[in-house]
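Trainee: The structure follows.
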Amino acid sequence: MEQRRWTLNDFDIGKPLGKGKFGQVYLVREKSSNHIVALKVLFKSQLQHSEVVHQLRREVEIQSHLRHPNILRLYGYFYDQKRVYLILEYALKGELYKELQKCKYFSERRAATYLASLARALIYCHGKHVIHRDIKPENILIGAQGELKIADFGWSVHAFNRRRTMCGTLDYLPPEMVENVEHDASVDIWSLGVMCYEFLYGVPPFDAKEHSETYRKIVRVDLKFPPKPIVSSTAKDLIRQMLVKDSSQRLPLHKLLEHPWIVQNAEPSGVYRG
Ligand code: ATP
Ligand code: MG
Numbered sequence: 122m123e124q125r126r127w128t129l130n131d132f133d134i135g136k137p138l139g140k141g142k143f144g145q146v147y148l149v150r151e152k153s154s155n156h157i158v159a160l161k162v163l164f165k166s167q168l169q170h171s172e173v174v175h176q177l178r179r180e181v182e183i184q185s186h187l188r189h190p191n192i193l194r195l196y197g198y199f200y201d202q203k204r205v206y207l208i209l210e211y212a213l214k215g216e217l218y219k220e221l222q223k224c225k226y227f228s229e230r231r232a233a234t235y236l237a238s239l240a241r242a243l244i245y246c247h248g249k250h251v252i253h254r255d256i257k258p259e260n261i262l263i264g265a266q267g268e269l270k271i272a273d274f275g276w277s278v279h280a281f282n283r284r285r286t287m288c289g290t291l292d293y294l295p296p297e298m299v300e301n302v303e304h305d306a307s308v309d310i311w312s313l314g315v316m317c318y319e320f321l322y323g324v325p326p327f328d329a330k331e332h333s334e335t336y337r338k339i340v341r342v343d344l345k346f347p348p349k350p351i352v353s354s355t356a357k358d359l360i361r362q363m364l365v366k367d368s369s370q371r372l373p374l375h376k377l378l379e380h381p382w383i384v385q386n387a388e389p390s391g392v393y394r395g
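Read in the working numbering, the sequence shown has 209 at position 88, and its numbers run on one by one without any break.
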C-alpha cells in the first residue's frame with residue numbers, strides 16, 4: 122500500500138467488520154494490489170463537533186507515522202463530499218475485549234505475552250514522544266497470528282502538548298488524569314497495569330457501580346486482589362509496581378520486560394497461539 126491518492130473506486134467492498142460511534146468499518150480489497158485492508162468510513166455530518174475533528178486529525182497524523190508489529194497500521198485516508206475514509210491494516214481476529222469476555226479471564230502465560238507485546242509497542246510510541254492515553258481492551262485488535270494491535274489513537278498526543286478534556290469510562294485513567302493535573306507518558310504505564318489486572322481477573326481493579334466510586338478508588342489507589350481466580354504473587358507484584366499514584370515511581374516499561382513474571386510467563390515469540 123504505497124503512498125498515493127486514493128478514491129473509493131480503488132477498492133472492492135466486502136463484509137462489514139463493525140460499527141463505531143461515527144461510522145462503519147468494512148473489509149475491502151485494493152484492486153491493483155489485491156491487498157486486503159479495513160476501510161473505516163466516517164460521515165462528515167457526524168463529525169461536526171470540533172473536538173471530534175481534532176481527534177480524527179490526531180488519529181491520522183499520529184497513527185500513520187507509526188510502524189510497529191503491535192500497532193495497527195494506518196496506510197492513508199481520502200474523502201469525498203459526504204465521507205472520510207481511513208485505510209487500516211486488517212486485524213483478522215477482531216477485538217481483544219470480546220476474547221476476554223469469551224474466556225472471562227486469561228491464563229498467566231497469555232496475559233504476560235500480551236502485556237510484553239503491548240509494553241514493546243508503547244516503548245516504541247514513547248520513543249517517538251507519542252502518548253496513547255486510551256489503552257484498554259476495546260482499543261486493541263488481534264491480528265491473524267494472534268498478535269495484538271493497538272488501535273484507536275484518537276486520544277493520543279504528542280508529549281508537550283497535552284489536552285485534558287475527558288469523557289467516557291474512567292476505569293483506565295490514572296489519578297493524575299482524573300484529577301486533571303499535568304501528566305506524561307507514565308499514564309500509559311498505569312493503564313497497562315489496569316489492563317494486566319483485567320486480563321488476570323476479568324474485571325478492571327477500580328470497577329464500581331457508580332462513576333464517583335470508581336473515581337474515589339482510583340485517587341486512593343484502592344487496589345484489592347480477590348481470592349479467585351488464583352493469581353501468582355509475582356503477577357500481583359508487577360501490578361502493584363505499575364499502579365502507583367506518584368507517576369514518577371511507576372515501573373518503567375523496559376523494566377517491566379525484565380520483571381520475573383514477564384520473563385517466566387511471556388511467550389518468547391511474542392505471540393500467544395493458545
Ligand atoms: P469508536 O467510534 O468509539 O472508536 P469503535 O472503536 O468500536 O468505536 P471503530 O474503530 O469504528 O469503532 O470500529 C468498529 C468496529 O469495527 C470495531 O469494534 C471492530 O470490531 C471493527 N474493526 C475496526 N477496525 C478494524 C480493523 N482494522 N480490522 C478488523 N476489524 C476492525
Ligand atoms: Mg474505537
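By construction, the Cβ of each residue, glycine as well, lies at the ideal position given by its N, Cα and C atoms. From a predicted model like this one, the values you see are computed outputs, not experimental measurements.
Using 7 Å as the cut-off, classify the Cβ of V146 as near or not near the heavy atoms of ligand 1, replying yes or no.
Mentor: yes
Trainee: Just verifying my parser: in three-state terms, what is the DSSP assignment at D131?
Mentor: helix
Trainee: In chain order, what residues of the same chain have a beta carbon less than 6 Å from the beta carbon of V146, not counting five sequence neighbours either side?
Mentor: L138, G139, A159, K161
Trainee: Does the beta-carbon of E210, which I'm using as the reference point, lie nearer than 7 Å to any heavy atom of ligand 1?
Mentor: yes
Trainee: Cα separation between K257 and Q362?
Mentor: 19 Å
Trainee: What do you reckon, are the CB atoms on L378 and K270 nearer than 8 Å?
Mentor: no
Trainee: Inspect the beta-carbon positions of E375 and I244 and report whether they are closer than 8 Å.
Mentor: First, the residue type needs correcting, since residue 375 is His and not Glu in the sequence shown. If you check the CB distance, H375 and I244 come in under 8 Å.
Trainee: What's the gap between the Cα of P347 and the Cα of C224?
Mentor: 18 Å
Trainee: Taking 8 Å as the cut-off, does the segment 308-327 touch the segment 222-237 (at least 3 CB pairs, one atom from each stretch)?
Mentor: Yes, since at least three Cβ pairs between the segment 222-237 and the segment 308-327 fall closer than 8 Å, the two stretches touch.
Trainee: Sorted by chain position, which residues of the same chain lie with C-beta nearer than 8 Å to Y393's C-beta, five sequence neighbours on each side aside?
Mentor: R230, R231, T234, Y235, G267
Trainee: Measuring from the CB of E216, is there a heavy atom of ligand 1 at a distance below 7 Å?
Mentor: yes
Trainee: Assign D133 to buried or exposed, taking buried as 16 or more other Cβ atoms, counted over all protein chains shown, within 10 Å of its Cβ.
Mentor: The residue is exposed, with fewer than 16 neighbouring Cβ atoms inside 10 Å.
Trainee: Here's the rule: buried if 16 or more other CB atoms are within 10 angstroms of the residue's CB, otherwise exposed. What is D201?
Mentor: exposed
Trainee: Output the distance between the C-alpha atoms of L262 and D309, rounded to the nearest integer angstrom.
Mentor: Each residue's alpha carbon lies about 17 Å from the other.
Trainee: Determine whether the beta carbon atoms of E180 and G275 lie at a separation below 8 Å.
Mentor: It is a contact, given that the beta carbons lie within the stated cut-off.
Trainee: Residues in its own chain within less than 7 Å of R204 by CB, not counting five upstream and five downstream?
Mentor: For R204, where only same-chain residues beyond five positions count, the Cβ hits under 7 Å are V162, L163, F164, K165.
Trainee: Which of helix, strand or coil does DSSP assign to E319?
Mentor: E319 falls in the helix class under three-state DSSP.
Trainee: Is D273 near ligand 1, with its Cβ less than 7 Å from a heavy atom?
Mentor: yes
Trainee: Measuring from the CB of F143, is there a heavy atom of ligand 1 at a distance below 7 Å?
Mentor: yes
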